[in-house]
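Numbering follows the numbering used here, with no gaps: position 64 of the sequence shown is 118.
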Amino acid sequence: MFTGIVQGLGELTAVRQPAPDFRTHTVRLPEGAADGLQIGASVAHNGCCLTVTRINGHEADFDLMGETLAKTNLGELEEGDAVNIERAARFGDEIGGHVMSGHIMAVTEITRIEQNGPNHTVWLRLPEALAPYVLSKGFVGLDGCSLTIGEVRRDEFNVHLIPETLSRTLFGRRQAGDKINVEVDPHTQAVVDTVARVLASREAG
């Protein structure tokens with residue numbers, strides 16, 4: 055489980071791909087993220103839950119299977135690229151964002167970025183399959199960041215970013231056209247799906 059509060063940026067120091075549908079990423083973790091880390095632990099990379107397979111000081115290895123490479127933006131990364139990093143939540147931790155599973159549901163793209171002084175608004179294409187769960191003032195996970203949804207239109211939505219988010223995460227470097235991992239709020243998904251099933255059963259009856 056994750057909270058969507060990114061701890062910092064990791065850097066890919068090595069990318070090994072022994073097969074077309076398998077990769078190993080070596081990542082230099084941000085300050086403090088390697089403390090107490092153990093093999094088998096879960097670490098979110100751009101919101102995608104990966105398992106630690108090797109530890110060497112402040113660097114750790116993570117294996118990525120074909121499904122991960124195909125369904126997330128991690129398959130496009132190259133040596134030297136940065137990723138948003140979050141260690142798994144522990145019992146007793148403050149939940150500053152919202153509960154996230156680390157299971158990416160779609161990849162979308164930034165359509166435009168609007169900036170007016172410190173105000174930073176990012177617009178993204180709204181994946182049709184996720185549209186029922188993307189609601190104004192609801193939560194969404196974007197590249198592992200827990201964010202509040204602003205405006206929702208027919209085919210796009212936006213989020214508003216504060217300077218701290220821009221400095222701590224990849225969003226400070228993002229541009230129009232960049233691919234972003236999306237995880238919708240599981241509670242919103244559960245409510246929407248339940249209501250849809252109830253209404254469908256009433257119509258069928």
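Backbone N, C-alpha and C fix where the C-beta goes; we use that ideal spot for every residue, glycine too.
* Asked: Apart from the five residues on each side of it in sequence, which residues of its chain come closer than 6 Å, Cβ to Cβ, to His214?
  -> Sequence-distant Cβ neighbours of His214 in its own chain, meaning closer than 6 Å and more than five residues away, are Thr175 and Gly204.
* To do: Any chance you could list the alpha helix (DSSP H) runs of at least 4 consecutive residues sitting entirely within the stretch 102 to 159, in chain order?
  => Within the stretch 102 to 159, the runs of alpha helix (DSSP H) that reach at least 4 residues and sit entirely inside it are, in chain order, 120 to 125.
* Asked: Taking the beta strand (DSSP E) that Ala73 falls in, what are its first and last residues?
  -> That run of the beta strand (DSSP E) goes Gly62 to Ala73.
* **Pro186 vs Val236 beta-carbon contact at 8 Å** => No, they are not a contact pair.
* Measure the C-alpha to C-alpha separation of Val188 and Asn100 and round it to an integer number of angstroms. => The straight-line gap from Cα to Cα measures roughly 19 Å.
* Beta bridge counterpart(s) of Phe193 as assigned by DSSP -> In DSSP, Phe193 forms a bridge with Thr202.
* Residue environment, Pro84, which counts as buried when at least 16 other CB atoms sit within 10 Å -> Buried, by the Cβ-count rule.
* Just how far apart, CA to CA, sit Cys103 and Thr67? -> Counting only the Cα atoms, Thr67 lies some 19 Å from Cys103.
* Proximity of Asp239 and Val194 at Cβ, strictly below 8 Å -> Going by beta carbons, Asp239 and Val194 fall inside the 8 Å limit.
* **Burial state of Ile216, where buried means 16 or more other Cβ atoms lie within 10 Å** => For Ile216, the number of other beta carbons within 10 angstroms of its own is below 16, and it is reported as exposed.
* Residue-level contact to chain D via CB, Lys233, 8 Å cutoff -> The structure shown has no chain D; it contains just one protein chain.
* Asked: Just checking, does the stretch 162 to 174 make contact with the stretch 126 to 134 on the three C-beta pairs under 8 Å criterion?
  -> The stretch 162 to 174 makes no contact with the stretch 126 to 134, as fewer than three CB pairs between them are under 8 Å.
* To do: Give, in chain order, every unbroken run of the alpha helix (DSSP H) that is at least 4 residues long and sits entirely within the stretch 197 to 251.
  => For the stretch 197 to 251, whole alpha helix (DSSP H) runs of length 4 or above, ordered along the chain, are 217 to 222.
* Asked: Given Asp232, which residues of its chain have a CB within under 6 Å of its CB, disregarding the five upstream and five downstream residues?
  -> Contacts found: Ile164.
* Asked: Just to confirm, are Arg228 and Val60 a CB contact at a threshold of 8 Å?
  -> Against a cut-off of 8 Å, the Cβ pair of Val60 and Arg228 comes out as no contact.
* When burial is assigned at 16 or more other CB atoms within 10 Å of the CB, is Leu128 buried or exposed? -> Using a 10 angstroms sphere on the CB of Leu128, the tally of other CB atoms reaches 16 or more, which defines it as buried.
* Just checking my contact of His152 with Gly58 at CB under 8 Å: how many whole Å lie between their CB atoms? -> The pair is a contact, with the Cβ atoms about 6 Å apart (cut-off 8 Å).
* Do you know offhand how far Phe116's Cα is from Val137's? -> C-alpha separation (whole angstroms): 13 Å.
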